[in-house]
Structure formats: C-alpha cells, structure tokens
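Asks:
Numbering (the numbering used here), first residue to last: 7 to 281.
(1) What number of angstroms, rounded off, separates the C-alpha of residue 113 from the C-alpha of residue 123?
(2) Please name the residue in 185, 167, 145 whose C-alpha comes closest to that of residue 154.
(3) What is the DSSP secondary structure of residue 265, reduced to helix, strand or coil?
(4) If you follow the alpha helix (DSSP H) that residue 178 is part of, which residue opens it and which one closes it?
(5) Given a threshold of 16 other Cβ atoms within 10 Å of its Cβ, counted over all protein chains shown, does residue 203 qualify as buried or as exposed?
(6) Out of curiosity, what's the CA-to-CA distance linking residue 217 and residue 265?
(7) Measuring CB to CB, does residue 130 end up less than 9 Å from residue 160?
(8) Could you tell me the distance, in whole angstroms, from the CA atom of residue 272 to the CA atom of residue 232?
(9) Looking at C-alpha atoms only, which residue of 229, 127, 76 is the closest neighbour of residue 167?
(10) Pull up the distance between the alpha-carbon of residue 151 and that of residue 183, whole angstroms please.
(11) Provide the residue span of the alpha helix (DSSP H) that contains residue 51, from first to last.
(12) If contacts are defined as beta-carbon pairs under 8 Å, then residue 196 and residue 208 qualify, I think. What distance do you get, rounded to the angstrom?
(13) Would residue 263 be called buried (16 or more neighbouring beta carbons within 10 Å of its own) or exposed?
(14) Quick check on the burial criterion: 16 or more other C-beta atoms within 10 angstroms. Buried or exposed for residue 101?
(15) Skipping 5 residues on each side, what residues in its chain have a beta carbon closer than 8 Å to that of residue 243?
(16) Please return the same chain residues whose Cβ sits closer than 6 Å to the Cβ of residue 59, not counting the five positions on each side in sequence.
(17) What do you reckon, are the CB atoms on residue 71 and residue 57 nearer than 9 Å?
(18) Helix, strand or coil: how does DSSP classify residue 107 here?
(19) Go ahead and label residue 99 buried or exposed: buried means 16 or more other beta carbons lie within 10 angstroms of its beta carbon, across all protein chains shown.
(20) Between the C-alpha atoms of residue 228 and residue 215, what's the straight-line distance to the nearest angstrom?
(21) Just to confirm my understanding: we take residue 234, look at its own chain, exclude 5 residues before and 5 after, and list those with CB closer than 7 Å. What are they?
(22) Please classify residue 255: is it buried, with 16 or more other beta-carbons within 10 angstroms of its beta-carbon, or exposed?
(23) Use the C-beta contact count for residue 149: other C-beta atoms within 10 angstroms, 16 or more gives buried, fewer gives exposed.
(24) Alpha carbon to alpha carbon, what distance is there between residue 48 and residue 169?
(25) Ordered along the chain, which non-local residues of its own chain (more than five positions away) have a Cβ less than 6 Å from that of residue 139?
(26) If we count the other Cβ atoms within 10 Å of its Cβ and call it buried at 16 or more, is residue 80 buried or exposed?
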C-alpha cells in the first residue's frame with residue numbers, strides 16, 4: 007500500500023497542527039478586537055457598552071466602561087458621569103449581594119462628584135434600591151431596611167420634582183411592611199411563650215406605627231387573643247369588633263367568636279368553682 011503526504015507525517019500530526027493554527031488565529035482575533043475597542047472613539051465604546059447592557063452582558067459591559075475611564079479627562083462633565091453611572095447600573099442589573107454592594111458604592115460616588123447632574127435623582131433612588139435589595143428576611147435584623155427608608159426619603163427632600171418621588175414613596179411603604187412583619191413575628195414569638203404583655207406591646211406598636219400593614223387583621227386577632235389571656239375581655243372585644251369592621255370577609259372573625267366563647271366558658275367554670 008502506498009501512503010500519500012510528506013514523509014513522516016501522520017493524520018494526528020496534521021490535526022494537531024491545524025488546531026495550533028486555529029488557536030493562534032483566535033488569539034490574534036481577540037487581541038485585534040481589544041485593540042480595536044481601545045482605539046475606537048470613547049463615545050463609540052460607550053454606545054457599545056450600553057448595547058451589551060441591553061443584551062444582559064453586564065460583565066463585558068463593565069469591562070468596556072472601566073477601560074474608558076483612563077481615556078476620559080477627570081474634568082469631563084459630559085461623558086465621564088455617564089460612564090460612571092452606567093457602571094453602577096451594570097452592577098445593579100447583574101444582581102447578587104456583591105454586585106448590589108458595588109452598585110451602592112458607584113451611585114454614592116456619582117452623587118459625590120456630580121450632585122447637580124440631571125440624573126442625580128436616578129442615582130439617589132438607586133442608592134436606596136441597592137440597600138433595599140440587600141434587606142434581610144423579616145425574621146432577621148432590619149438595620150438595612152431603616153437605611154433604605156432614609157435614602158428613599160432623600161429622593162423627595164433633595165429632588166422634590168423628580169419622577170422618582172412616587173416610586174420612592176411606594177418603596178417606603180414596602181419597607182414599612184417589612185418592619186411591621188418583623189414586629190409581628192417578634193410578637194408571635196412572645197405569644198407562643200405565653201409572654202402575653204410583651205406580645206401585646208408589639209402588636210399595639212404595629213397598629214400605631216404601621217396603619218397600612220397588610221396583615222393588620224391577623225394583628226387585631228392575635229392582640230385580642232392575648233388580651234383575653236390576661237382577663238381584659240372588654241379590650242379584646244373592641245379589637246375583635248374592629249376586625250369585623252375592617253375585614254368582614256376574613257376567616258379570622260369566626261376564630262375570634264370562638265375565642266370569646268371559650269373565654270366565656272372559662273369564666274363561667276371559674277365562677278361555678280368558687281364556694
């Protein structure tokens with residue numbers, strides 16, 4: 007049998023050589039793209055980065071934007087703030103606790119250097135959102151919730167005419183709901199351990215501090231139950247009546263009636279047992 011090709015060559019060697027050529031070519035192409043991006047006008051690279059963000063390629067977008075920073079003069083008041091804001095936006099949209107932390111730093115730096123920029127209201131709102139996205143579950147510490155509320159309030163106080171004011175107000179209500187739920191869980195903790203007065207204090211505080219809490223019917227019911235446990239039936243009846251007025255279709259109303267009936271039965275037995 008006669009073999010074709012150069013002496014000493016083999017299919018394996020031919021394939022290996024071809025792979026080497028492909029790898030080198032790919033590396034050269036990648037280097038060429040990088041150099042092309044570095045040589046392109048900053049405005050064009052900025053548009054490319056925004057397009058990457060639109061396609062959810064946040065890491066690539068951040069690299070493009072960060073490569074632009076050394077090319078833009080520090081006193082630039084047009085492109086530089088746009089780049090810094092876009093970097094922060096790319097971190098925030100990427101999501102995750104680490105990225106929210108980077109976004110928070112980016113938005114705060116933007117406000118430090120460009121407090122009068124037309125998009126400063128956006129940056130302030132996003133400072134609050136970066137904190138809001140890091141808020142822990144209601145059964146955990148709520149320090150970040152309080153910080154988020156403070157930052158949302160700044161939107162209205164610093165930028166009263168901003169379109170973000172109404173969004174900030176809605177987010178503040180969401181934060182209040184988070185705080186109220188935290189209080190309710192603490193109250194429930196005390197209630198389960200029969201620390202009735204401690205639970206009552208928590209539930210009363212919710213009704214005073216968070217009147218728009220979605221779980222108010224449950225709070226009214228639990229508060230009434232705790233009051234019955236310490237013999238304050240009249241007060242319990244008042245909260246059960248409020249429950250019936252504010253949530254007439256709620257299934258807790260029937261449970262409230264049953265709780266009152268059990269309390270009446272206990273009272274009657276106690277009276278009968280007295281000599």
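Glycine included, each C-beta is placed from N, C-alpha and C at the ideal position.
Computed from a predicted structure; not experimentally measured.
Replies: Walking through what the data contain:
(1) 12 Å
(2) 185
(3) helix
(4) 170 to 198
(5) exposed
(6) 24 Å
(7) yes
(8) 15 Å
(9) 127
(10) 10 Å
(11) 48 to 60
(12) 7 Å
(13) exposed
(14) exposed
(15) 230, 266
(16) 67, 96
(17) no
(18) helix
(19) exposed
(20) 17 Å
(21) 242, 265, 269
(22) exposed
(23) exposed
(24) 30 Å
(25) 106
(26) exposed
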